[in-house]
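Quick note: the sequence shown uses this note's numbering, first residue 7, plus one each step. Before any comments, here is the structure.
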Amino acid sequence: MSEGDAGDEPRRIKSVQTASRIVSVVQRLSNPTLGEVCAELDASKGTVHTYLATLEDEGFLTRTGRTYRLGLRFVTLGESVRNETPLYRAGKEEVDALAATTHEYAHLTVEHRGREVTIYESRGDDAVATDYHLRMRETPQHLHYSASGKALLSQFDDDRVRSILDSEGLDGQTANTITDRDELFAVLERVRERGYAVNDEEEIRGMRSVGAPVRGVDGAVCGAVSVTAPTSRLSGERFETEVPELVTETANLIELNLETAVFERNR
């Protein structure tokens with residue numbers, strides 16, 4: 007079999023994988039010391055120190071005293087990635103309008119490696135729980151307990167959903183979190199039927215959200231849009247009808263923007 011045959015597995019560069027793991031550890035532990043990073047990696051101090059010093063030189067890490075944190079280079083890299091994402095360009099203004107109309111937090115999210123990643127967030131005038139939303143942006147979230155996540159899962163085939171659950175599990179965040187596979191599949195079928203998903207205090211007590219999938223020009227899901235608010239404000243008709251209609255309308259507008267962008271590019 008030749009090197010280019012389909013059965014070949016590409017080689018991996020171990021040093022790049024190690025550097026990636028170190029960056030992830032620094033992000034997760036928040037300001038760890040050399041010793042704390044070593045304990046996480048089960049590697050010698052000399053080896054880890056060399057990686058840390060190199061990543062610092064390249065701007066990926068910053069050292070203050072004995073502790074490390076992520077460097078500002080990630081800010082410009084992240085902005086570049088986001089700005090080049092068609093969903094962000096098509097959805098930013100629509101999400102801003104949704105936040106302004108509902109006066110709550112509105113999010114634009116995508117699925118990445120079985121988790122939910124927020125690529126844009128807009129804060130309405132009455133939005134609360136800023137610290138919570140900040141943490142949510144910084145860490146990819148499970149899909150099964152958020153409205154956006156369930157909206158995304160509803161558009162995947164059953165095999166892909168099972169693969170994600172096998173990898174990420176069905177951890178319970180609150181007493182309302184769905185932790186049974188059969189129940190989750192039944193909920194996803196309901197999401198497909200009505201076109202939107204809800205999170206009824208399944209991620210954090212006292213908070214609800216409504217999310218709808220966004221499909222790309224090829225018809226496949228490319229993201230989701232959602233609104234999150236306290237249960238005191240997202241209840242009754244507002245939770246059951248008003249906000250779901252606004253969220254699904256916003257998803258449709260983003261889809262139209264995506265189609266229009268492709269049309270204009272191909273003219």
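The beta-carbon is built from N, C-alpha and C at its ideal position, and this holds for glycine as well.
If you look at Ala-226, you'll find it isn't in any beta strand (DSSP E); DSSP assigns it neither H nor E. Within the stretch 36 to 60, the runs of alpha helix (DSSP H) that reach at least 4 residues and sit entirely inside it are, in chain order, 40 to 47. Only buried fits Asn-263, as 16 or more other CB atoms lie within 10 angstroms of its CB. Three or more beta-carbon pairs separated by less than 8 Å link the stretch 231 to 249 to the stretch 209 to 218, which places the two stretches in contact. Between the stretch 255 to 273 and the stretch 100 to 109 there are three or more inter-stretch CB-CB distances shorter than 8 Å, so the stretches are counted as touching. Per DSSP, the beta-bridge partners of Leu-114 are Tyr-126, Val-231.
Taking Val-29 as the centre and dropping the five residues before and after it, the same chain places the C-beta of Leu-61, Phe-66, Leu-67, Leu-76 closer than 8 Å to its C-beta, in chain order.
Just so you know, the alpha carbons of Glu-243 and Ile-210 end up roughly 21 Å apart.
Burial of Glu-122 is indicated by the presence of at least 16 other C-beta atoms within 10 angstroms of its C-beta.
In terms of Cβ geometry, Leu-158 and Val-227 form a close pair [threshold 8 Å]. Using a 10 angstroms sphere on the CB of Glu-117, the tally of other CB atoms reaches 16 or more, which defines it as buried.
Here DSSP, grouped into helix, strand and coil, assigns Thr-70 to strand. A direct Cα-to-Cα measurement between Met-142 and Thr-124 gives close to 8 Å. Cβ atoms of Thr-247 and Tyr-202 stay farther apart than 8 Å, at about 11 Å. Just measuring C-alpha positions, the residue of Leu-104, Glu-199, Asp-63, Gly-222 sitting nearest Thr-91 is Gly-222. Note on Ala-192: under 16 other CB atoms within 10 angstroms of its CB, so exposed under the neighbour-count rule. The beta carbon of Phe-162 lies closer than 6 Å to none in the same chain, with the five residues before and after it left out.
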